[in-house]
Amino acid sequence: MLDKEKIKKDLEKEKSDLLGQLKEIGRYNSDTGEWEAFPEEQDSPESDSNAMADRFEDFESRSSTVNVLTERLQEVEKALKGIKKESFGKCSVCGKEIEIERLRANPAAETCKKHLNKT
Ligand SMILES: [Zn+2]
């Protein structure tokens, strides 16, 4: 039997960790419902082009981190919603319990490893 209570606690902890990380590098845009990386800081006008390029790269890497974190957050939220259902953690193809390692890697997984590509 899958320990749903434990999984739920782990997911809730992961969710708050993810939100904590997102808050450090981005902000929630309530208009679009999406997280976005902080925009460039407009500081000293005398900054040379190297510094500008550095900041641009920094923004790019923050943006991609935000994307990775929000994708994971969506999976975690989806799993938290689905966990109450009887079907949670069961393969939608064969009906067997999904391997716990697979659920850890992808908490919103709907199939076991064997039926990974069968949906
Ligand atoms: Zn299966």
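Numbering (this note's numbering), first residue to last: 476 to 594.
Even glycine gets a Cβ: it sits at the ideal position worked out from N, Cα and C.
In chain order, each alpha helix (DSSP H) run of at least 4 residues that lies wholly inside the segment 531–585 = 575–580
Heavy atom of ligand 1 within 7 Å of Thr586 beta-carbon = As a working note, residue 586 is residue 111 in the sequence shown. Thr586: yes, Cβ under 7 Å from ligand 1.
When the distance is taken between beta carbons, is Lys490 closer than 8 Å to Val551?
-> As a working mapping, residue 551 is identified with position 76 in the sequence shown. As a working mapping, residue 490 is identified with position 15 in the sequence shown. Yes, they are a contact pair.
For the segment 531–542 and the segment 496–504, state whether three or more C-beta atom pairs, one from each stretch, are separated by less than 8 Å.
-> yes
Residue of Gln549, Ser567, Ser562 minimising C-alpha distance to Asn592 | Sequence index remark: in the sequence shown, residue 592 carries index 117 (1-based). Nearest C-alpha to Asn592: Ser567.
Which of helix, strand or coil does DSSP assign to Gly501?
-> As a first step, residue 501 must be located in the sequence shown, where it is residue number 26. If DSSP states are grouped into helix, strand and coil, Gly501 belongs with the strands.
Buried versus exposed call for Ile575 [16 or more other C-beta atoms within 10 Å across all chains shown] | The sequence position of residue 575 within the sequence shown is 100, counting from 1. Exposed, since its Cβ has fewer than 16 Cβ neighbours within 10 Å.
Classification of Gly570 by the beta-carbon crowding that lies within 10 angstroms, buried from 16 upward | Residue 570 sits at position 95 when you count from the first residue of the sequence shown. Answer is exposed; the Cβ neighbour count stays below 16.
For the candidate residues Asp485, Leu494, Glu480, Glu572, whose alpha-carbon lies nearest to that of Glu546?
-> Reading the sequence shown from its first residue, position 71 is the one you call residue 546. Checked all of Asp485, Leu494, Glu480, Glu572; the closest Cα to Glu546 is Leu494.
Who does Ala528 pair with in a DSSP beta bridge?
-> On the sequence shown, position 53 is the one that residue 528 refers to. In DSSP, Ala528 forms no bridge with anything.
Please name the residue or residues paired with Glu509 in a DSSP beta bridge.
-> Translated into the one-based positions of the sequence shown, residue 509 becomes position 34. Paired residues: Asn504.
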